[in-house]
Amino acid sequence: MPDGTLLDLEENVTFLVDGFLYRSKHPTCSHFFLSHFHSDHTQGLNNKTFLQDEFGSNKIFCSKLTGDLICQLLYINSELVYGLEYGEEAEILCSEAVGRKICLLEANHCPGAAIGFVWTYKRDSDSDRKIGVKPILNQIFLHCGDFRADVEVLKACQKFLREKILREYDLSPKLQEQMR
Ligand SMILES: [Zn+2]
204 MPDGTLLDLE ENVTFLVDGF LYRSKHPTCS HFFLSHFHSD HTQGLNNKTF
254 LQDEFGSNKI FCSKLTGDLI CQLLYINSEL VYGLEYGEEA EILCSEAVGR
304 KICLLEANHC PGAAIGFVWT YKRDSDSDRK IGVKPILNQI FLHCGDFRAD
354 VEVLKACQKF LREKILREYD LSPKLQEQMR
């Protein structure tokens, strides 16, 4: 049974993973990630308290297929769903100073299942962009959920970190320290 992992994405923005049942414990959380369409992960999703919440947008990030399944079989309003293709990126409630993004990769578990990278970075100013300064990566999380590790999954994660994250961002001193 997933316990509803809460990711703390700086500036008091939190992001709840597979935790619809625990929604009331995190009243200010407005963004969610559903890793896949197995009932132990979707529990609480169609509770009235979740769907009629007065806080934020209640956007649910998931794979496109999982999004279609929850709309068609659990009757979730499609306006709440942000379905992503594997490898596609989406922004999560960015501020002027901090950017937050999510990208999903194939989890090799069931159709539509995803593992998710979620990261925060310092948003670059116009002048930074003009002189080619990379944004600074502050945090990066990998939520695996249920996944079956095999060479292809591990290669996709490595490729994402090498060709996306390390190419586009500089690491904050704290992240550099953690990687030693
Ligand atoms: Zn599962």
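Taking our numbering, the leading residue of the sequence shown gets 204, the next gets one more, and so forth. In this text, a Cβ means the ideal position worked out from N, Cα and C, and glycines have one as well.
Cβ-Cβ distance between residue i and residue j below 8 Å
i      : j      : result
Asn311 : Phe350 : yes
Leu277 : Leu248 : yes
Glu309 : Tyr324 : no
Gly315 : Ser266 : yes
Arg326 : Ala293 : no
Glu371 : Lys337 : yes
Ile295 : Val284 : no
Contact belief for residue i with residue j at Cβ below 8 Å, rounded distance in angstroms
i      : j      : result
Cys313 : His239 : 6 Å
His229 : Leu219 : 6 Å
Ile343 : Ile318 : So it is not a contact: roughly 13 Å between Cβ atoms.
Per DSSP, cross-strand counterpart(s) of residue i
i      : result
Thr208 : Val220
Leu283 : DSSP lists no partner for Leu283.
His234 : Phe218, Lys262
His346 : Gly319
Ile368 : According to DSSP, which records beta bridges pairwise, Ile368 is partnered with nothing at all.
Gly290 : Answer by DSSP bridge pairing: none, since Gly290 is not bridged.
Gly302 : Tyr324
Residue i to residue j span [Cα, whole Å]
i      : j      : result
Gln246 : Ala352 : 25 Å
Gly348 : Val356 : 13 Å
Lys262 : His241 : 19 Å
Ser233 : Asn215 : 11 Å
Gln361 : Cys306 : 14 Å
Phe223 : Glu213 : 21 Å
Arg226 : Ile334 : 43 Å
Asn250 : Gly270 : 17 Å
Phe320 : Glu282 : 23 Å
Leu364 : Ile339 : 15 Å
Local Cβ density within 10 Å of residue i, reported as buried at 16 or more and exposed below that
i      : result
Arg472 : One cannot answer for residue 472 here, as it falls past the ends of the chain, which runs 204 to 383.
Asp386 : As shown, the chain starts at 204 and ends at 383. That puts residue 386 outside it, with no answer to give.
Leu345 : exposed
Thr231 : exposed
Asn280 : exposed
Asp221 : buried
Arg303 : buried
Residue i CB to nearest heavy atom of ligand 3 below 7 Å
i      : result
His346 : By its list of ligands, the structure shown excludes ligand 3, since it contains just ligand 1.
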